[in-house]
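Notes to accompany the following structure.
Residue numbers (the working numbering), protein chains in the order written: chain W, 294 to 674; chain B, 294 to 674.
Next up, the structure:
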């Protein structure tokens, strides 16, 4: 790496949201100079970035111009112009993770084809181009329809349970997955450097909001048998290896009712299923993203204390300047740590922050997570 | 607190060095807007502050002007114009810790008088005004002479061992302490909020550079008998209580050869003997400084893993752009975490950063600290 990282290496980050904000917190210790490109004038990263450029992540020229002033480029969101990153790479810039992997993961069909080609367990699927195509598979209902592109936080994904649902099938290229009833949703974070050195975090368990497909609770480590945890970690390790991946990645999985594992999807960046690694692990997913993209040895991912994460989502019916009602009271409970994203305006179900809870006793941890969830309400002032 | 902290409360910080830099890292999670006053154009805080004012911390008008734009004022260095802070307080600003305590601690004579008045164990002393006064106490040699003001990092402190040393006695108001041979130098960090809620960190042990009176190694927890640790923590708790203190404070102590404890001095702010709390404790001294000055409950100070800290001081004979030779290799060792202060120029013995080491095994921890110390050299590029 030239200049060496400690000389204020200019790291360009595509995306300036909360994940980037936590990356910058970690970057301070390494004296990295983080430059941010984000479309929002009030992006959570802006106050802490060495430079902030407001612009469209999907615009080729914007990304190209932004990249000129950076020594190394990375992402905190995968909805970026991967072609521009590839062109910057061709022009000699270091881009991590590799633009070809970002492009693969952007397309849920390519992801599935990768799983199939490399023998990773994943729900059976078929590709479709139009809503009409979908009808041809009515025999296989229930099915999960996923758009090839632009799905994020549950957008572009729907369950088609019966023939009646076919009328609302997406009319765009995508895929149809077998609907696999699952016992749990799991995630494994792993980080790998260009030399191939890989660390894998303990498996976590996510509980989603029943309607809004956003993680509501996370528990780490997951309450699953040790052999299942080991298998999930091995799958993650193999994904990073087979992609020749550099950086931190999240591998989301389903634990089926029969106890098997299926990979759901990948995220080529730090992920909200790894927020707790800041408080509960020796090295956070953010720090390890930086260490690995810099070509340094990844740090110890071991978890020292059981943890939970509660997302602070904007309360339904509230829009405007945010108030975190109940937060002072929640902070009176031992092991409760807030992470506010600095978004001044709340909206229903907007991710406004999260709370990490740590407690040596898993039963108490679960109880505290429910208490914190009930206590803190993100409402308009 | 008005506005509530999560609405971007404007916290004015006097001093913008490495302690402030770590305070800002913690402040991100609470969405505090930190405004910094520091005399150096390249202060370590500058890239991360919501506002940066270059100016003299000891200048009344500068501090007054700076304070106008803040909701709450705090310090990361005690060499500030305490009178200006008192005037800001009188004008309705919240200042934490209280300016009267900052003033007391700025003056080593007042500190000693406080210890005496409140019955805290501390080395016997006498006040002196001039070098001539010092000679009158020649019978009591060896003695430690301390200037009343402006001592920092060992400046303004000297040991007078024999009559020959009297010729170099400081000719300014100060004090003469009995020279107490000590077995160890210890420190206790504690944080207290205005409601009186107090948390006390495990006792740490500092090893100083033989010539430069700068901490070279720190080990946490200290290798001392449990009853001594308890006594040190109780002393710290009582100091904060008796001062009616708000914020994080460091209490430095000597463990005498007989096993007794003497308070050496106080620091009314986060302290370099608490750097390791970021990596090794559930809540860092920085986060607890913020929580307590905001009137929030302090977080759990318990340490989850034994830790060491190695200061990265500029190597003798090197001045200019800094190079951290050996750092990549040091990061290959498990449990090694760098904290670089972003100072571009090194000078002999300048504090350029530190490394925190964590390891469940104390013997291995000591060995690793020595290895890291030998590996990383801060030299000019």
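Where is the CB? At the ideal position from N, CA and C, for every residue including glycine.
In this model, residue 458(W) and residue 448(W) are separated by some 17 Å (Cα to Cα).
The continuous alpha helix (DSSP H) containing residue 521(B) extends over residues 519–536.
Within the segment 591–613 of chain B, contact with chain W at the beta-carbon level (separation under 8 Å) is assigned to 592, 593, 597, 598.
Per the Cβ contact rule, the segment 648–658 of chain W is not in contact with the segment 307–319 of chain B (fewer than 3 Cβ pairs under 8 Å). Membership of residue 460(B) in any alpha helix (DSSP H) is not indicated, and neither H nor E is assigned to it by DSSP. Around residue 314(W), the beta-carbon contacts reaching into chain B at under 9 Å are 321.
The Cβ atoms of residue 543(W) and residue 480(W) lie closer than 7 Å to each other. As the crow flies, the alpha-carbon of residue 303(W) is around 10 Å from that of residue 324(W).
Beta-bridge annotation (DSSP): residue 328(W) is paired with 305(W), 344(W).
For residue 673(W), the enclosing beta strand (DSSP E) begins and ends at 670–673.
Counting only runs of 3 or more residues that sit fully inside the segment 360–403 of chain W, the beta strand (DSSP E) segments are 365–368, in chain order. In the structure shown, residue 470(W) adopts extended strand secondary structure according to DSSP, grouped into three states. Around the beta carbon of residue 578(B), 16 or more other beta carbons sit within 10 angstroms, so the residue counts as buried. For residue 581(W), the enclosing alpha helix (DSSP H) covers residues 578–586. Scanning its chain for C-beta atoms nearer than 8 Å, with the 5 sequence neighbours on each side dropped, one finds around residue 428(B) the residues 459, 462, in chain order. Residue contact with chain B for residue 557(W): absent (no Cβ-Cβ distance below 7 Å to any residue of chain B).
Here residue 410(W) is exposed: its Cβ has fewer than 16 other Cβ atoms, across all protein chains shown, within 10 Å. Residue 340(W) has a beta carbon lying within less than 7 Å of a beta carbon in chain B. In the DSSP assignment, residue 630(W) is bridged to 649(W).
Contact between the segment 388–401 of chain B and the segment 367–380 of chain B is present: 3 or more CB-CB pairs across the two stretches fall below 8 Å. Take residue 595(B), set aside five residues on each side of it, and the residues of its chain with a beta-carbon closer than 6 Å to its own are 575, in chain order. Residue contact check for residue 318(W) against chain B: a CB pair falls below 7 Å. Between residue 615(B) and residue 670(B), the CB-CB gap reaches or exceeds 7 Å.
Sequence-distant Cβ neighbours of residue 326(B) in its own chain, meaning closer than 6 Å and more than five residues away, are 301, 303, 343. Residue 519(B) has a beta carbon lying at 7 Å or more from every beta carbon in chain W. For the set 425(B), 478(B), 330(B), 399(B), the Cα lying nearest the Cα of residue 553(B) is the one of 478(B). Cβ proximity to chain B below 8 Å picks out 614, 615, 616, 617, 620, 621, 624, 625, 627 from the segment 613–627 of chain W. Nearest to residue 295(B) by alpha-carbon distance, out of 645(B), 504(B), 588(B), is 588(B). Sequence-distant partners of residue 593(W) (beyond 5 residues in either direction) whose C-beta falls short of 6 Å from its own C-beta, in its chain, are 575, 576.
Excluding the 5 residues flanking it on each side, residue 332(W) has same chain C-beta neighbours closer than 8 Å at 347, 348, 349, 350, in chain order. By the beta-carbon neighbour count (other beta carbons within 10 angstroms, threshold 16), residue 452(B) is exposed. Rounded to the nearest angstrom, the Cβ distance from residue 436(W) to residue 470(W) is 7 Å, consistent with a contact under 8 Å.
Taking all protein chains in view, the Cβ of residue 416(B) is crowded by 16 or more other Cβ atoms within 10 Å, so the residue is classified as buried. Contacts with chain W at 7 Å (Cβ-Cβ) do not include residue 565(B).
Under the Cβ distance rule, residue 381(W) does not count among the residues neighbouring chain B, no pair being separated by less than 7 Å. Taking C-beta separations shorter than 6 Å and ignoring five residues to either side along the sequence, the partners of residue 466(W) in its chain run 422, 441, following chain order.
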